[in-house]
DNA sequence: TATGAATGAGTATTCATTCAT
DNA sequence: AATGAATGAATACTCATTCAT
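Chains as they are written, first to last, in our numbering: chain A, 3 to 211; chain B, 3 to 211; chain C, 3 to 211; chain D, 3 to 211.
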């Protein structure tokens, strides 16, 4: 059980994360200043350094829960017994797209947090792991769909699937169109993209490589 | 025939462009400072303003030729009479991917230079036009491939094709892997991605929407 | 009661204002750099931005109190019942001269802050109002002195009175002679200038327009 | 007799002076760059340094002829035998006002070029002399008008006359209103100002100090 | 726990001036 | 006589971060 102080601290922490999340996703990491976040969070800018080692750490701590949640969602989808492999694969794709569009300008840390920052402790590592497990999920789902075992071919397919999903997200993410609007305008196209890809996968398998 | 002075000027100009190109594509436009470019180019930072009005102008002058060349290449490909529509469409895709990977971190001006900057005259406009004509090319090439006329459906297909190409570029562009290496490692996967997409398009058409 | 921090902040603020005031009035607004002010104030140049949004804001915050005080002083003078109109008018003139000479090279914002800068919100507006109310005061005081109602003629007289006052200020302001010295050397001449002007006004009225 | 080269050089020199004159008077000395002058003059910016040691020298060389001309004009006026002292004094005043308004933003070098630049050779000295001789003219004209010999009193009157003239010029000079417009709008007021001042002088003399 | 004060390094850009030709 | 190339010093302003309290 937590005492008052701890509760308040936690609350401040949350406010900072929330403010940072909104701002980062709206304007991008670089375009947001610490002071801006503090103002939005209703605390002093120095308070931020109480909870997060630096701006970058804040970013990582911020994106982590989202990524975790995404992974969980995708894992659940994959495990659902009552869905066909095709539907599962499609659902995974759409979920990923929506997740990416929600993250907005913050989405690209998903890629940028890479090995280059060797020294910098945990979070980057964690994100890497997440990315890896995400790929694994994609591979599994595709493998199930095409009834093939893990192989280079399957890896290639997973990559290709990722390219399209990633392409959709990064096409619209820097433009700042509200998610709902975008969904109405192009949701069907996104689904069609996935559809076509899956058809292509199947066809490719059928014809033999 | 040019005199010494002109030669030297041209050389400096080139050095600046080359330095800027390298740095922009490696670290991205915003992460590079004028002074950094100058140091890399072996001149004073003020010299840069002798040749380019602005940091932004430098960016445009740098990317414009690439974009023009790309358009020309794609247009030529589309016009080639001796190629099947399928091969043309594939070639267009691969060319676009390679062009994007070459631009590196500078690639995203392709997207970011959009209507929001109404005031900023010519170059942005030119890039917009380029983007538009690129889409038109994509649409035409797909239309030819699937033997369908311009329609909403065709627009959707062009978008989908673009998503995948764009996704490939933006997946690898921020990682800075040398183009040649990347090509060896994944060139085949890129081709396969296009392949699968085209198969998907065909299949989708066949089954009726 | 203020705590240490607040006291220190206030002190820094004052030091900046004082340094800026000295430098501006000595060398003029444009000839003084933020870093110069900081050095004189004994703080870093960034500290200045903690207290003032802008170099321009600093200027306004610096001159505004003077201007307000001047207006109040002139208004009080005009209202004094125990003074003859002549003495009031003279006092107003001398006060204005002294105020202008005190401002030194900063005096000219009084003129330069004009309508051209439409966008720049409050302070300019305030200065404009001040200038206007000053003219009104001048008009009133002269009207009282000459027993004439508001008219074009009165406006012309107010202008003429202003020219002389303004001329005195701008003659000595860029030379940087210390106020006290100047006053000793020429105070009598300034009074005589006003004297002569008032005699001239009277005479002009007497002879018929 | 001059050869071609010399003629051309002289022409370039004139063009530079003319361009600088226009620009300085329009925007003020500080707001005009050497390159701007060169462009306006149709020569390279380096050419300017062939004719003038530096920007400041250019300014002095530029204003000198104007000042000389003014002196000459005022001297001529003072010498005219067919004019009453009053009319001469008025004419001198109006001429000075018009000269100042014509100089525009360049007028204030008339004051600013003062002893502070001890080291800097001739031109400043010359301007000082000019200013002095101008004052002498004013004194003489007033002396004639009031039939008094040189004295402290006369000096004071000359100063006072100067204040008003100077005040008129510096009131309108930074606003950039075209001379002709200004003259139409306020020419009469300027004359009235002089009128009143002269009446005041007379009156003051009459009443005994 | 929390904050206001403070700062050094950095940003793009401008300018008067000099140098080599 | 004339010029384009080149530069060092300066400009206002921003930012992530640290320190004292």
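From the three backbone atoms N, C-alpha and C, an ideal C-beta is built for every residue, glycine too.
Which residue wins for smallest C-alpha separation from residue i, given the options the options?
i: residue 73 of chain C; options: C:208, C:132, C:144, C:175; result: C:132
i: residue 144 of chain D; options: D:172, D:173, D:22, D:93; result: D:93
i: residue 212 of chain C; options: C:47, C:29, C:202; result: In the structure as shown, chain C starts at 3 and stops at 211, and residue 212 of chain C therefore has no counterpart that could be examined.
i: residue 30 of chain B; options: B:10, B:88, B:111; result: B:111
i: residue 12 of chain D; options: D:32, D:42, D:54; result: D:54
i: residue 63 of chain A; options: A:205, A:183, A:10, A:23; result: A:23
i: residue 146 of chain B; options: B:66, B:113, B:88; result: B:88
i: residue 173 of chain C; options: C:106, C:151, C:200; result: C:106
i: residue 189 of chain C; options: D:57, D:186, D:158; result: D:158
i: residue 104 of chain A; options: A:65, A:113, A:129; result: A:65
i: residue 154 of chain B; options: A:187, A:152, A:83; result: A:187
Residue i: buried (16+ other C-beta within 10 angstroms of its C-beta) or exposed?
i: residue 81 of chain A; result: exposed
i: residue 194 of chain A; result: buried
i: residue 6 of chain D; result: exposed
i: residue 141 of chain A; result: buried
i: residue 166 of chain B; result: buried
i: residue 35 of chain D; result: exposed
i: residue 117 of chain A; result: Interpretation of residue 117 of chain A is limited by its pLDDT of 45, a score under 50 that renders its predicted location unreliable; the figure taken from the coordinates is listed afterwards. So residue 117 of chain A counts as exposed.
i: residue 197 of chain C; result: buried
i: residue 122 of chain D; result: Confidence is the limiting factor: at residue 122 of chain D the pLDDT is only 49, short of 50, which leaves the residue's position unreliable and the question unanswerable from this model.
Excluding the 5 residues flanking residue i on each side, which residues of the same chain have their C-beta closer than 8 angstroms to its C-beta?
i: residue 97 of chain C; result: 72, 75, 76, 79
i: residue 45 of chain C; result: 14, 17, 18
i: residue 164 of chain C; result: 137, 140
i: residue 181 of chain B; result: 100, 103, 104
i: residue 85 of chain C; result: 79, 93
Within the same chain, show all residues whose beta-carbon is closer than 7 angstroms to that of residue i, passing over the 5 residues directly before and after it, in chain order.
i: residue 109 of chain C; result: 102, 171, 175
i: residue 38 of chain C; result: 25
i: residue 28 of chain B; result: 106, 107, 178
If you draw a straight line from the C-alpha of residue i to the C-alpha of residue j, how long is it?
i: residue 208 of chain B; j: residue 136 of chain A; result: 33 angstroms
i: residue 161 of chain A; j: residue 21 of chain B; result: 33 angstroms
i: residue 95 of chain A; j: residue 91 of chain B; result: 25 angstroms
i: residue 179 of chain B; j: residue 8 of chain C; result: 53 angstroms
i: residue 70 of chain D; j: residue 127 of chain C; result: 41 angstroms
i: residue 191 of chain A; j: residue 61 of chain A; result: 31 angstroms
i: residue 169 of chain A; j: residue 99 of chain A; result: 9 angstroms
i: residue 156 of chain A; j: residue 32 of chain B; result: 37 angstroms
i: residue 184 of chain B; j: residue 48 of chain C; result: 46 angstroms
i: residue 40 of chain B; j: residue 67 of chain B; result: 21 angstroms
i: residue 150 of chain C; j: residue 50 of chain D; result: 57 angstroms
i: residue 134 of chain D; j: residue 10 of chain B; result: 54 angstroms
i: residue 56 of chain D; j: residue 59 of chain C; result: 34 angstroms
i: residue 83 of chain B; j: residue 204 of chain A; result: 31 angstroms
i: residue 52 of chain B; j: residue 113 of chain B; result: 28 angstroms
i: residue 206 of chain B; j: residue 152 of chain B; result: 17 angstroms
Leaving out five residues on either side along the sequence, give the residues of the same chain with a beta carbon under 6 angstroms from the beta carbon of residue i.
i: residue 199 of chain B; result: 166
i: residue 43 of chain C; result: 17, 18, 21
May I ask whether a heavy atom of the ligand ATP can be found less than 7 angstroms away from the beta carbon of residue i?
i: residue 136 of chain A; result: For the structure depicted, the ligand ATP is absent and the ligand set is empty, with no information on it obtainable.
*Unbroken stretches of the alpha helix (DSSP H), 4 residues or longer, contained in the stretch 68–111 of chain A*: Annotation note: the stretch 68–111 of chain A contains the following uninterrupted alpha helix (DSSP H) runs of length 4 or greater, listed N- to C-terminal: 87–105.
*Can you list the alpha helix (DSSP H) stretches of 4 or more residues lying completely in the stretch 149–200 of chain B, in chain order?*
Contiguous alpha helix (DSSP H) elements confined to the stretch 149–200 of chain B occur at 154–174, taking only those with 4 or more residues.
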